[in-house]
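Since the structure comes first, as structure tokens, the remarks are kept for the end.
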Amino acid sequence: MDLDQRTLFLLQPETHEMAKAERNCHSMRGHLASVHNVMELHEIQKMIMTATHRMKLAWIGGSDAHEVNVWSWSDGTPFSYTDWCDGEPNQRGVQRCLQMNHSEDKCWDNMNCAVKLPSVCVNRSR
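Counting in my numbering, the sequence shown runs from 118 upward without gaps.
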């Protein structure tokens, strides 16, 4: 889905652990999606709903793998916009990766990176 002429989001319906999902995005010259505003969030959610006819959980490129509670995007862009569910991120166990469309609120939740989910890739031309 084209948000503008420089941003292309792509749903990957196959389920993978987050690291493999990121490698899959790299193979397409992208990264797991970074989300920088509500317009991008809604565009990704609309794309998922159109493709799957429901609001599926999906990996996007946020993690705090390098430092607990310091979230960053895998594409290196600033982590300035968030849509965390109430009480998240909660750091239970090894929940270091960001999934979107959690709960009825369709918000963000930190999750164990080994869980297999569909993913959303982004290619941002510069």
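Beta carbons: idealized from backbone N, C-alpha and C, even for Gly.
Values in this document were obtained by computation on a predicted structure and should not be read as measured data.
Reference residue i; option with closest CA among the options
{"i": "K98", "options": "V187, L125, V185, K137", "result": "The question about residue 98 has no answer here: the residues shown for the chain are numbered 118 through 243."}
{"i": "G178", "options": "S151, D222, C230", "result": "S151"}
{"i": "D226", "options": "S180, H143, A168", "result": "S180"}
{"i": "E104", "options": "L127, C142, H143", "result": "There is simply no residue 104 to check, as the chain begins at 118 and stops at 243 in what is shown."}
{"i": "L215", "options": "T194, G193, H159, L149", "result": "L149"}
{"i": "N186", "options": "G193, M228, R213, E131", "result": "R213"}
{"i": "H183", "options": "A175, W176, G193", "result": "G193"}
{"i": "M228", "options": "R241, S197, R209", "result": "R209"}
{"i": "T132", "options": "E160, L174, G147", "result": "L174"}
Where the beta strand (DSSP E) through residue i begins and ends
{"i": "M228", "result": "224 to 229"}
{"i": "S220", "result": "Element bounds for S220: n/a, residue is neither H nor E."}
Three-state class that DSSP yields for residue i in the structure shown
{"i": "T199", "result": "coil"}
{"i": "D119", "result": "Legend: pLDDT at D119 = 49, less than 50; position of this residue unreliable, value from coordinates given subsequently. D119 falls in the strand class under three-state DSSP."}
{"i": "L174", "result": "coil"}
{"i": "E131", "result": "strand"}
{"i": "S189", "result": "strand"}
{"i": "N240", "result": "strand"}
{"i": "S151", "result": "coil"}
{"i": "R280", "result": "The chain is shown from 118 up to 243; residue 280 falls before or after that span and cannot be answered."}
Any non-hydrogen atom of the ligand ZN within 6 Å of residue i CB
{"i": "L128", "result": "The ligand ZN is not part of this structure, which contains no ligands at all."}
Whole-number beta carbon distance between residue j and residue i, since they are thought to touch under 8 Å
{"i": "C230", "j": "E134", "result": "6 Å"}
{"i": "N218", "j": "Q162", "result": "7 Å"}
{"i": "M172", "j": "K223", "result": "6 Å"}
{"i": "S220", "j": "W176", "result": "Wrong, their Cβ atoms sit about 16 Å apart, outside the cutoff."}
{"i": "H153", "j": "S191", "result": "Not confirmed; about 14 Å, so no contact."}
{"i": "R241", "j": "R123", "result": "6 Å"}
For residue i, the first and last residue of its enclosing alpha helix (DSSP H)
{"i": "V155", "result": "155 to 169"}
| Is the number of C-beta pairs between the stretch 167 to 175 and the stretch 194 to 204 that are closer than 8 Å three or more? | no
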